[in-house]
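Visitor: To convert, count from 1 in the sequence shown and add 27; that's our numbering. Here it is: the structure, laid out below.
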Amino acid sequence: MNQATGLLLCLSSLLLPAGAAHAWSEPHHAITKAALDVLPASEQDLLGKERAPLASDYCLIPDYVFTNKANARFAAMDAHPGEVYLQRLHLPLDQPENFETFRYFIGKAVESVKAGKTGDAARYLGTICHTIEDFGSPSHTLPGDNQFTLLQQFLPPPEEMKGRLLHGPVESGEIEVSIAGYRPQLLGTSVDEAAWHLLHRVNDEIINARSTTIPIIQALYAKDEKAVVTHQLKAATFDARVVADAIHTVLCQGTGKFDAGQATALKSAPIGACLPLEAVDLHYPQTQFFSQPYYGYPRSGLILESGKTPRPLKLNVDEKSGPLVDAFLNGISVGMGKPLTFLIPAGVFHRFTALAGLQAGLGDKGRVEFTVLGDGKPLATAIVNGTEPAHAFDCDLTGITRLQLSAVSRGLDPHSNYAVWAEPMLVKRAD
Ligand SMILES: [Zn+2]
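Right under this line is the structure:
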């Protein structure tokens with residue numbers, strides 16, 4: 028960071044409301060630039076003279092809403108009239124709120140590209156970049172505590188660092204970010220679809236950033252600058268890929284030019300690795316723990332035998348050739364009586380499909396009623412006995428924005444209800 032930027036940051040910090048915090052400062056530029064560098068040539072040309080200020084200026088628009096009044100409107104939302112500084116652009120809220128934020132700004136940016144207003148589009152993109160980068164900053168990873176007062180109780184600082192605020196040191200510094208060779212991914216052919224996929228990319232990004240926070244704090248305590256940078260880069264590199272995907276998607280939608288392969292890959296969306304709304308702040312609170320078949324919480328891609336040993340997801344399935352046991356990578360093991368709720372973008376997906384049954388071998392003595400609900404109303408239900416083939420669900424999602432998967436015990440042996448939703452999938456209408 029040079030002196031002028033440092034001064035600017037300090038000055039604008041004084042104008043921010045209590046609780047507001049700058050993230051990443053200098054790294055915002057480095058991450059945005061790394062993302063812009065991997066865009067296809069046609070997209071770089073489309074941004075033209077707005078490309079440079081997007082990285083040097085616009086990606087900080089949400090931080091400078093009090094000082095840069097001309098650009099403040101690009102970081103404002105119609106749903107929040109009169110709110111100049113939107114904290115939701117810096118710190119993640121819950122999934123539906125984050126989805127609304129992305130939907131709004133992607134919509135504005137796409138609209139601007141379509142209208143030939145490249146300057147406006149680049150400024151809205153600046154706000155999108157900023158939000159993605161802040162959510163993925165190592166110092167924004169502990170909900171509601173960006174100075175890490177809690178982490179400092181777990182990791183007491185050495186004498187010379189006692190009393191220091193950790194936000195800045197955790198995320199600041201000169202980092203060189205490169206994602207050379209990365210091919211930006213299309214997040215959707217419509218605004219709602221793109222916002223939904225971005226939401227899940229950002230969830231993964233937040234979890235990746237969380238994995239860097241403690242190592243950075245430990246490295247700061249140990250005065251190991253190299254390790255600080257290594258872990259900051261782990262977060263920044265992930266962020267840059269997500270930023271590249273978002274910019275690429277906006278420009279594709281604005282010009283109506285889609286890569287056929289990328290559009291085809293979006294025909295269906297597996298949700299077995301998505302975190303449900305019950306995982307508040309992307310982790311399961313104790314209220315969501317189940318006690319059948321063991322004391323635990325839902326797992327993606329595995330099931331815990333007796334609550335201890337991880338096993339691959341396996342179901343008895345009925346194939347044309349006869350019954351067999353199939354293993355599944357995409358799926359969720361769940362407990363009894365704790366339904367999982369997933370946010371569904373309206374009008375994007377046509378059907379929900381999944382196989383539901385009891386884990387082959389472990390659940391042989393179980394009996395479970397599986398129900399798929401849409402906006403609180405049952406769409407389909409099936410009772411599956413332990414050794415029976417899994418039930419194939421295929422539900423119409425028209426008008427649905429909340430999909431719920433429920434499993435309840437209908438048997439006598441509570442320790443056998445090893446319930447699995449395999450290959451849960453949102454499917455677009457075939458065209
Ligand atoms: Zn910020």
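Built from N, CA and C at the ideal position, the CB exists for glycine as well. Note that this is a predicted model, so its numbers are computed, not measured.
By the three-class DSSP mapping on this structure, what secondary structure does residue 418 have?
Guide: By one-based count along the sequence shown, residue 418 stands at place 391. Residue 418 falls in the strand class under three-state DSSP.
Visitor: Would you kindly work out how many angstroms separate the C-alpha atoms of residue 389 and residue 362, rounded to a whole number?
Guide: On the sequence shown, residue 389 is found 362 positions in, with the first residue counted as 1. On the sequence shown, residue 362 is found 335 positions in, with the first residue counted as 1. As the crow flies, the alpha-carbon of residue 389 is around 13 Å from that of residue 362.
Visitor: With a threshold of 7 Å (Cβ to nearest heavy atom), would residue 194 be considered close to ligand 1?
Guide: Numbered from its first residue, the sequence shown carries residue 194 at position 167. Answer for residue 194: no, Cβ out of range of ligand 1.
Visitor: At a cut of 8 Å, does the segment 190 to 206 reach the segment 147 to 155 through at least three beta carbon pairs?
Guide: no
Visitor: Rounded to a whole number of angstroms, what is the C-alpha to C-alpha distance between residue 184 and residue 377?
Guide: In the sequence shown, counting from the first residue as 1, residue 184 sits at position 157. In the sequence shown, counting from the first residue as 1, residue 377 sits at position 350. Between residue 184 and residue 377, the C-alpha separation is close to 53 Å.
Visitor: How many Å lie between residue 182 and residue 198 at the Cα?
Guide: Residue 182 sits at position 155 when you count from the first residue of the sequence shown. Residue 198 sits at position 171 when you count from the first residue of the sequence shown. For residue 182 and residue 198, the distance between alpha carbons rounds to 17 Å.
Visitor: Give the DSSP-derived three-state secondary structure of residue 276 in the structure shown.
Guide: One-based indexing of the sequence shown puts residue 276 at position 249. Helix, per DSSP.
Visitor: Within the same chain, show all residues whose beta-carbon is closer than 7 Å to that of residue 440, passing over the 5 residues directly before and after it, in chain order.
Guide: Locating residue 440 in the sequence shown gives position 413, counting from the first residue. Closer than 7 Å at Cβ, skipping near neighbours: 392, 393.
Visitor: For the pair the segment 98 to 113 and the segment 294 to 302, tell me if three or more CB-CB distances fall below 8 Å.
Guide: The segment 98 to 113 vs the segment 294 to 302: no contact.
Visitor: In the DSSP assignment, find the alpha helix (DSSP H) that holds residue 189 and state where it starts and stops.
Guide: Along the sequence shown, one-based indexing puts residue 189 at 162. No alpha helix (DSSP H) holds residue 189; DSSP gives it neither H nor E.
Visitor: To the nearest angstrom, how far is the alpha carbon of residue 273 from that of residue 214?
Guide: Along the sequence shown, read from residue 1 onward, the residue named residue 273 stands at position 246. Along the sequence shown, read from residue 1 onward, the residue named residue 214 stands at position 187. Here the C-alpha atom of residue 273 lies approximately 7 Å from the C-alpha atom of residue 214.
Visitor: Quick one: grab the DSSP three-state call for residue 48.
Guide: Counted from its first residue, the sequence shown places residue 48 at position 21. In this prediction, residue 48 scores a pLDDT of 46, lower than 50, which makes its location untrustworthy; the coordinate-derived value is nonetheless stated afterwards. Residue 48: coil per DSSP, three-state reduction.
Visitor: Hey, is residue 158's beta-carbon within less than 8 Å of any beta-carbon in chain B?
Guide: The question asks about chain B, but that chain is absent: this structure has only one protein chain.
Visitor: Tell me which residue opens and which closes the beta strand (DSSP E) that residue 394 is part of.
Guide: As a working note, residue 394 is residue 367 in the sequence shown. Looking at the DSSP string, the run of the beta strand (DSSP E) that includes residue 394 is 394 to 401.
Visitor: Is the beta carbon of residue 160 closer than 8 Å to that of residue 270?
Guide: Taking the sequence shown and counting its residues from 1, one reaches residue 270 at position 243. Taking the sequence shown and counting its residues from 1, one reaches residue 160 at position 133. Going by C-beta atoms, residue 270 is nearer than 8 Å to residue 160.
Visitor: Run the CB neighbour count on residue 75, radius 10 Å, all protein chains shown included, and call it buried at 16 or more, exposed below.
Guide: Locating residue 75 in the sequence shown gives position 48, where the first residue counts as 1. Counting Cβ neighbours within 10 Å, residue 75 comes out exposed, since fewer than 16 surround it.
Visitor: Residue 225 and residue 101 look like a contact to me (Cβ under 8 Å); what is the Cβ gap, rounded to whole Å?
Guide: For the purposes of this step, residue 225 is identified with residue 198 of the sequence shown, where counting begins at 1. For the purposes of this step, residue 101 is identified with residue 74 of the sequence shown, where counting begins at 1. With 8 Å as the limit, residue 225 and residue 101 do not qualify as a contact, their Cβ atoms being about 18 Å apart.
Visitor: When the distance is taken between beta carbons, is residue 455 closer than 8 Å to residue 284?
Guide: Looking up residue 284 in the sequence shown gives position 257. Looking up residue 455 in the sequence shown gives position 428. With respect to residue 455, residue 284 sits apart: the two C-beta atoms are not nearer than 8 Å.
Visitor: May I ask which residues mark the beginning and end of the alpha helix (DSSP H) holding residue 237?
Guide: As a working note, residue 237 is residue 210 in the sequence shown. Note, residue 237: alpha helix (DSSP H), 218 to 248.
Visitor: Give a single yes or no on whether residue 119 has its beta carbon closer than 7 Å to a heavy atom of ligand 1.
Guide: In the sequence shown, the residue the question calls residue 119 occupies position 92. Residue 119 Cβ: outside cutoff for every heavy atom of ligand 1.
Visitor: Short check: CB of residue 287 to CB of residue 355, under 8 Å?
Guide: Taking the sequence shown and counting its residues from 1, the one referred to as residue 287 is at position 260. Taking the sequence shown and counting its residues from 1, the one referred to as residue 355 is at position 328. No, Cβ-Cβ distance for residue 287 and residue 355 is not below 8 Å.
Visitor: If residue 268 sits next to residue 206, beta carbons under 8 Å apart, how far is it from one beta carbon to the other, in whole angstroms?
Guide: Position 241 of the sequence shown, counting from 1, holds the residue named residue 268. Position 179 of the sequence shown, counting from 1, holds the residue named residue 206. Rounded, the Cβ-Cβ distance is 6 Å, consistent with contact.
Visitor: Do the CB positions of residue 227 and residue 246 come within less than 8 Å of each other?
Guide: If you number the sequence shown from 1, residue 227 lands on position 200. If you number the sequence shown from 1, residue 246 lands on position 219. Not closer than 8 Å, so no.
Visitor: Look up residue 430 in the DSSP assignment and give the residues it is bridged to.
Guide: Here residue 430 refers to the residue found at position 403 when the sequence shown is read from its first residue. In DSSP, residue 430 forms a bridge with 369, 401.
Visitor: Would you mind reading off the limits of the beta strand (DSSP E) that contains residue 350?
Guide: Locating residue 350 in the sequence shown gives position 323, counting from the first residue. Where residue 350 is concerned, the enclosing beta strand (DSSP E) stretches over 349 to 355.
Visitor: Whose CA, out of 95, 126, 124, lies closest to the CA of residue 112?
Guide: As a position in the sequence shown, residue 112 is number 85, starting the count at 1. Per the Cα distances, 95.
Visitor: On the DSSP bridge list, what partners appear for residue 380?
Guide: As a working mapping, residue 380 is identified with position 353 in the sequence shown. According to DSSP, which records beta bridges pairwise, residue 380 is partnered with 421, 452.
Visitor: Under the three-state reduction of DSSP, which class applies to residue 346: helix, strand or coil?
Guide: Walking along the sequence shown from the start, residue 346 turns up at place 319. It is a strand residue.
Visitor: When the distance is taken between beta carbons, is residue 434 closer than 8 Å to residue 446?
Guide: Taking the first residue of the sequence shown as 1, we reach residue 446 at position 419. Taking the first residue of the sequence shown as 1, we reach residue 434 at position 407. Yes, the pair counts as a contact, with Cβ atoms nearer than the cut-off.
Visitor: How big is the Cα-Cα spacing for residue 235 and residue 372?
Guide: Stepping through the sequence shown from its first residue, residue 235 is reached at position 208. Stepping through the sequence shown from its first residue, residue 372 is reached at position 345. Cα-Cα distance, rounded: 24 Å.
Visitor: May I have the straight-line CA-CA distance separating residue 384 from residue 330, to the nearest angstrom?
Guide: In the sequence shown, counting from the first residue as 1, residue 384 sits at position 357. In the sequence shown, counting from the first residue as 1, residue 330 sits at position 303. Going from the Cα of residue 384 to the Cα of residue 330 covers about 13 Å.
Visitor: So which of 85, 326, 93 has the shortest CA-CA distance to residue 146?
Guide: Your numbering for residue 146 matches position 119 in the sequence shown. Here the closest residue by C-alpha is 85.
Visitor: Can you list, in chain order, the residues of its chain with a C-beta nearer than 6 Å to that of residue 311? Leave out the 5 residues immediately preceding and following it.
Guide: Locating residue 311 in the sequence shown gives position 284, counting from the first residue. If we look at residue 311 and ignore the five residues flanking it on each side, its Cβ neighbours are 324.
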